[in-house]
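Novice:
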Amino acid sequence: MTDYRPTWAEVSLEALSNNVKAFKDYINDECQLMGVVKADAYGHGLVPCAELMVRAGANRLGVAIMEEAMELRKAGMDVPILIFGYTPKEAVHEAVDHDLTLTVFSEEIMEEVIRAAEEKQKEVKIHIKVDSGMHRIGLKRGEDILQLLEKNSSSYVHVEGVFTHFSDADNEDPAYTEQQFHHFLSVVEEVENIHGEIPIVHCCNSAATIAFPHMHMDMVRVGISLYGLYPGEHMKKWISLHQVMSLKTKPVMIKTVYPGEPISYGRSYEPKQPIEVATVPIGYGDGLPRALSNQGHVVRNGQRAPIVGKVCMDQTMIDVSSVVKSSRDAVYTFFGDPEEGHIPLQEVADQLHTIHYEITCQIGPRVPRKYV
Ligand SMILES: *Cc1c(COP(=O)(O)O)cnc(C)c1O
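With the numbering used here, the residue at position 343 of the sequence shown is 345, and numbering never jumps.
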């Protein structure tokens, strides 16, 4: 994307790198750190973020789908990459060619992995997914896994890992996560008793990594918190992170709007006295949530200015009357580093009754990422 338009998402590589280091310090030396970069690195840009994470100390990368893993390989990255989700049969051969690690939770995938590995006479690593209580993908019982491995085996296919995923680790009440953890431990024990030791046993996402250090095991899979966002406010006491993304824009026009002159589609806002309105070139077509119409704010020099009227597809209007020295050169920030006086993503997420994950993921491809 070219960046003629003065709208961009700033991605702080320093913050990202510091967050990786904070997690490396937080976990012990035997535990590996997997940087999770699915969904375009949660909207921050897949390849630049993945490369930096590895440079800063991440041992492995995790993605949701085959296409994301291929993009990393095409960029020349040769670290181990685990695909968390479903990989269709047709993609398995290509995955084997590119040394991608597949998640296995059904016979369908297992058979295809074996077929590909034997055909190519190539060593392949897989991770088995356990459903310990999220009820999404995965096998529930140790005997399901043992049966799968017994029926389908090949000297080329190695069970490198076994893992599960928590559904409630951001809850201050640890009860359900502990229950999931114990279910997982008993499944792993049952499988290892027959199959032998599995080298990488893992279960923690960001929330569990921060809140439950006794669950780290051989590896943690950290996504959202590498981007400087806390899964729960109560986690700030354990680790210090820096928000990586800031969404910024500059006005393309500033003008006075008077009482009797409604602003934007549907005339939902009309000034009560003359106001200075800055029109900024960003809208819901860029992933700026339309629900911020007459709700959201931008910050300029520590001062907040409200969005007035409906957010349009490509443009949005801001009442900048209270902002000192607003001009065409002024940078307005929708969300950014709270330490610089910007609105934290958590606040925007609360306002929209969603989670910050969704907001960064939705910043669209039309918004260039600027790495600083
Ligand atoms: C997305 C994902 C993660 C990372 O979760 P965060 O909450 O972003 O840390 C870890 N494991 C799996 C299987 C995932 O799908």
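Every residue gets a Cβ at the ideal spot worked out from N, C-alpha and C, and that includes glycine.
Model, not experiment: these values are computed from the prediction.
What whole-angstrom Cβ distance do Val-65 and Lys-40 have, given they're in contact under 8 Å?
Specialist: Position 63 of the sequence shown, counting from 1, holds the residue named residue 65. Position 38 of the sequence shown, counting from 1, holds the residue named residue 40. About 5 Å separates the two Cβ atoms, so the contact holds.
Novice: Could you check the C-alpha separation between Val-94 and Glu-69 for me, to the nearest Å?
Specialist: If you number the sequence shown from 1, residue 94 lands on position 92. If you number the sequence shown from 1, residue 69 lands on position 67. Approximately 12 Å, taken between the alpha carbons.
Novice: Classify Met-221 as buried or exposed, calling it buried when 16 or more other Cβ atoms lie within 10 Å of its own Cβ.
Specialist: By one-based count along the sequence shown, residue 221 stands at place 219. It is buried - the Cβ of Met-221 has at least 16 other Cβ atoms within 10 Å.
Novice: So the beta strand (DSSP E) His-129 belongs to, where does it begin and stop?
Specialist: As a working mapping, residue 129 is identified with position 127 in the sequence shown. It spans 126-132 - the beta strand (DSSP E) in which His-129 sits, taken as one unbroken run.
Novice: Which of helix, strand or coil does DSSP assign to Thr-89?
Specialist: On the sequence shown, position 87 is the one that residue 89 refers to. Thr-89 falls in the coil class under three-state DSSP.
Novice: Would you say Val-322 and Ser-329 are within 7 Å of each other, going by their C-beta atoms?
Specialist: In the sequence shown, the residue the question calls residue 322 occupies position 320. In the sequence shown, the residue the question calls residue 329 occupies position 327. Contact: no.
Novice: Suppose contacts are defined by Cβ-Cβ distances below 7 Å. Is Gly-234 in contact with Asp-172 by that definition?
Specialist: In the sequence shown, the residue the question calls residue 234 occupies position 232. In the sequence shown, the residue the question calls residue 172 occupies position 170. Result yes, Cβ atoms of Gly-234 and Asp-172 sit closer than 7 Å.
Novice: Output yes or no for whether 7 Å exceeds the beta carbon distance between Thr-318 and Ile-284.
Specialist: Working through the sequence shown from its first residue, we reach residue 318 at position 316. Working through the sequence shown from its first residue, we reach residue 284 at position 282. Cβ atoms of Thr-318 and Ile-284: closer than 7 Å.
Novice: Hey, is Ile-226 close to ligand 1, as in C-beta under 6 Å from one of its heavy atoms?
Specialist: Within the sequence shown, residue 226 is the residue found at index 224, counting from 1. Indeed, a heavy atom of ligand 1 lies less than 6 Å from the Cβ.
Novice: Have a look at the DSSP bridge pairing and note the partners of Ile-226.
Specialist: The sequence position of residue 226 within the sequence shown is 224, counting from 1. For Ile-226, which the question treats as bridged, DSSP gives no partner whatsoever.
Novice: From which residue to which residue does the beta strand (DSSP E) around Met-36 run?
Specialist: For the purposes of this step, residue 36 is taken as the residue at position 34 of the sequence shown. It spans 34-38 - the beta strand (DSSP E) in which Met-36 sits, taken as one unbroken run.
Novice: Closer than 6 Å: is that where the CB of His-167 sits relative to any heavy atom of ligand 1?
Specialist: Taking the sequence shown and counting its residues from 1, one reaches residue 167 at position 165. Under cutoff, so the answer is yes.
Novice: Please work out which residues of its chain come closer than 7 Å, Cβ to Cβ, to Val-159, disregarding the five sequence neighbours upstream and downstream, and give them in chain order.
Specialist: What you label residue 159 is simply residue 157 of the sequence shown in a count that begins at 1. Val-115, Ile-116, Ala-119, Val-126, Ile-128, listed in sequence order.
Novice: Is there contact here, the segment 300-317 with the segment 254-270, by at least three beta-carbon pairs under 8 Å?
Specialist: Yes, they touch.
Novice: Ends of the alpha helix (DSSP H) at Phe-186?
Specialist: Translated into the one-based positions of the sequence shown, residue 186 becomes position 184. That run of the alpha helix (DSSP H) goes 177-197.
Novice: Could you give the uninterrupted runs of the beta strand (DSSP E) lying entirely in the segment 199-270, keeping only those of 3 residues or more?
Specialist: Qualifying beta strand (DSSP E) stretches, in chain order: 202-206, 221-224, 247-251, 255-259.
Novice: Could you tell me which of Val-164, Ile-111, Glu-162, His-184 sits nearest to Lys-153, measuring between CA atoms?
Specialist: Taking the sequence shown and counting its residues from 1, one reaches residue 153 at position 151. Closest option to Lys-153, Cα to Cα, is Ile-111.
Novice: In terms of alpha-carbon separation, which member of Lys-124, Gly-37, Leu-151, Ala-77 lies closest to Ile-196?
Specialist: As a working mapping, residue 196 is identified with position 194 in the sequence shown. Ranking the options by Cα distance to Ile-196, first place goes to Leu-151.
Novice: Which ranges does the beta strand (DSSP E) cover as unbroken runs of at least 3 residues, wholly within the segment 13-62, from first to last along the chain?
Specialist: Fully enclosed beta strand (DSSP E) runs of 3 or longer: 34-38.
Novice: Taking just the CA atoms, how far does Tyr-44 sit from Gly-225?
Specialist: By one-based count along the sequence shown, residue 225 stands at place 223. By one-based count along the sequence shown, residue 44 stands at place 42. About 8 Å.
Novice: Please tell me whether Thr-258 and Val-282 are closer than 7 Å, where the distance is taken between their beta carbons.
Specialist: Counting from one through the sequence shown, the residue named residue 258 turns up at place 256. Counting from one through the sequence shown, the residue named residue 282 turns up at place 280. In this structure, Val-282 does not lie closer than 7 Å to Thr-258 by Cβ.
Novice: How many angstroms separate the CA atom of Val-350 from the CA atom of His-358?
Specialist: Along the sequence shown, one-based indexing puts residue 350 at 348. Along the sequence shown, one-based indexing puts residue 358 at 356. Val-350 and His-358: Cα-Cα distance of roughly 8 Å.
Novice: For ligand 1, is there any heavy atom lying closer than 6 Å to the beta carbon of Arg-223?
Specialist: As a position in the sequence shown, residue 223 is number 221, starting the count at 1. Yes, the Cβ of Arg-223 comes within 6 Å of a heavy atom of ligand 1.
Novice: With a threshold of 8 Å on Cβ separation, who are the neighbours of Arg-62 within its own chain once the five nearest residues in sequence on each side are excluded?
Specialist: Numbered from 1 along the sequence shown, position 60 holds the residue referred to as residue 62. Gln-34, Leu-35, Met-36, Gly-37, Val-81, Pro-82, Ile-83, Leu-84, Met-221.
Novice: Buried or exposed: where does Ala-60 fall if 16 or more other Cβ atoms within 10 Å of its Cβ makes it buried?
Specialist: Within the sequence shown, residue 60 is the residue found at index 58, counting from 1. So Ala-60 ends up on the buried side.
Novice: Does the Cβ of Ser-208 lie closer than 6 Å to at least one heavy atom of ligand 1?
Specialist: In the sequence shown, residue 208 corresponds to position 206, counting from 1. Indeed, a heavy atom of ligand 1 lies less than 6 Å from the Cβ.
Novice: Looking at the secondary structure, which residues open and close the beta strand (DSSP E) in which Met-315 lies?
Specialist: Within the sequence shown, the letter at position 313 stands for residue 315. From DSSP, Met-315 is part of no beta strand (DSSP E); its letter is neither H nor E.
Novice: For ligand 1, is there a heavy atom less than 6 Å away from the beta-carbon of Phe-214?
Specialist: For the purposes of this step, residue 214 is taken as the residue at position 212 of the sequence shown. No - ligand 1 has no heavy atom lying nearer than 6 Å to the Cβ of Phe-214.
Novice: Tell me which same chain residues have a C-beta within less than 7 Å of the C-beta of Gly-343, skipping the five on either side of it?
Specialist: Here residue 343 corresponds to residue number 341 of the sequence shown, with the count starting at 1. Around Gly-343: Val-301, Gly-304.
Novice: Starting from the C-beta of Tyr-373, find all residues in its chain whose C-beta is less than 6 Å away, skip the five residues before and the five after it, and write them out in chain order.
Specialist: Here the question's residue 373 lines up with position 371 in the sequence shown. Val-13, Leu-15, Pro-50.
Novice: Pick helix, strand or coil for Glu-145, following the three-state DSSP scheme.
Specialist: Here the question's residue 145 lines up with position 143 in the sequence shown. DSSP places Glu-145 in helix when its eight states are reduced to three.
Novice: Quick one: is the Cβ of Val-310 within less than 6 Å of any heavy atom of ligand 1?
Specialist: Here residue 310 refers to the residue found at position 308 of the sequence shown. No, the Cβ of Val-310 stays beyond 6 Å of every heavy atom of ligand 1.
Novice: Suppose the cutoff is 6 Å on Cβ atoms and the five residues either side in sequence are ignored; what does the same chain contact list for Gly-140 look like?
Specialist: Here residue 140 refers to the residue found at position 138 when the sequence shown is read from its first residue. These residues qualify, in order along the chain: Phe-107, Lys-131, Val-132, Asp-133.
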